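Sequential numbering from 187 applies to the sequence shown in the working numbering.
Virtual Cβ for every residue (Gly too), placed ideally from N, Cα, C.
Bear in mind the structure is a predicted one, so any value in this text is a computation, not a measurement.
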Amino acid sequence: MTISYSDDVAKSTTWNFFKLLFRWKGSLWKVLWAELTLWLTCYTLLSLIYRFLLTDAQKLTFESIVKFWANFTGREFVSLTFILGFFVSLVISRWWDMYQSIGGTEKMALHIASYIEGDDEETVTIRRNIIRYMVLVQAMVLSKLSHPVRRRFPNMEALKTAGLINDTELHAMNNFESIHPKHWLPIYWAMALIKQARKDEKIASDTYVIDLYSKLSDYRGGLGKVSSYMSVPIPLAYTQVVFLAVRLYFVIALIAEQYLLSGNTKQPEIFVKFAVDLYFPFATVIQFLFYVGWAKVAESLFNPLGNDDDDIAVNNIVTRNLQIGLAIVDNAVDKVPAQIRDPYSNTGHDAPFGEEKEHYIFPVQLQDIRERAQSLAGTVEDTVRKLHV
């Protein structure tokens, strides 16, 4: 489930954003600590071998290798930035589009509650079953794509146990012969219920039927888009290029970013980066945090229906869609509060919004503004008239 931190930065102060650095779940530190620890361990071992185990001749050879790879890392750094930038942008756009395409039942439920009239048992059942069929097809699709949903609904019997499908419907689905998934079947059932409700005059207009059909088609289309994203991922070769480019860059940096003992080099020119022995690769660690962390963002969002901290909470979406959809079509039908005149129609009433109300303009203030504007306009006209006289 995506980690929420919006409340922590309700006020955009430097301190509030600084506090985010100390969060663990879903953080940069959680996804990087293992790789960074391994990299620093290897870097330290190479440094110790160079400083204490190599002979003077071997040190000179090692220094030549370091300087050779240092030139490479300097040239390829910009290329790595472009590769990562395009890849992360692509992955994040897929992730957000997939989230928006999963779909919800709230909008459809509001239209069902408004369009399908009646409180008899048959009408209530029609409204509830349309919502149930929508959640059923969502659970069927997501159980094929998402590990958390698959664990919850491993087969049709699990959907039956959860109450999303009954024996009659399961029998009808099993008897329908098709080599392709039958995810569309519950949507057809929902459309058939809408058609029957129109024939029985439970829906007042064909326009309402078209609107409900359109929303069901959009809902099914969104789930189809999610399925397409998962079945047709980003080309594997592109993913491999990005993964290898980042990791190989920092494998090379294990050698290229070593500090050299200037006393051991007989070459007259010494790189500026080797002029001071800092022992610890501060600059390279910063690069590691930024670039490997950047790659980790894409890797964690590559399959947004998985188990990572920032993956979409699809099980919660399925549960909410069922609960909110049934609540609307059951409890919202023909239940409108008694209508009374709002207090703002009388300019003597101000809006009771607490201490912040002086920052806003309400009807009584608008009336004062109009009166003052008219008064000023009259004063200006009188002044101009006198000047002409």
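Secondary structure at Ile-389: strand, using DSSP grouped into helix, strand and coil.
The alpha-carbon of Asn-315 is positioned some 59 Å away from that of Thr-470. In this model, Ser-275 and Ser-486 are separated by some 13 Å (Cα to Cα). In the displayed model, Ile-298 falls within a helix according to three-state DSSP. Lys-521 sits in coil when the DSSP states are folded into three classes, being neither helix nor strand.
As the crow flies, the alpha-carbon of Tyr-301 is around 33 Å from that of Lys-330. Of the candidates Thr-199, Asp-305, Arg-433 and Asp-283, Asp-283 places its Cα closest to the Cα of Met-416.
Contact check between the segment 510-522 and the segment 316-329: three or more CB pairs, one atom from each, fall below 8 Å, which counts as touching. The segment 354-422 contains, as complete alpha helix (DSSP H) runs of 4+ residues, the segments 371-385 and 392-417 (chain order).
Sixteen is the threshold: since fewer than 16 other Cβ atoms of the shown chains lie within 10 Å of the Cβ of Ile-235, the residue is exposed.
Only residues of its own chain outside the window of five on either side were considered, and among them Lys-346 have a CB closer than 8 Å to the CB of Asp-353, listed in chain order. His-357 has its alpha-carbon roughly 57 Å from the corresponding atom of Phe-436.
Here Gly-511 carries a helix assignment [DSSP, helix/strand/coil]. The alpha-carbon of Leu-239 is positioned some 26 Å away from that of Thr-259. Cβ atoms of Val-500 and Ser-332 come within 8 Å of each other, at about 5 Å. Each residue's CA atom was taken as its position, placing Pro-340 and Leu-464 some 56 Å apart.
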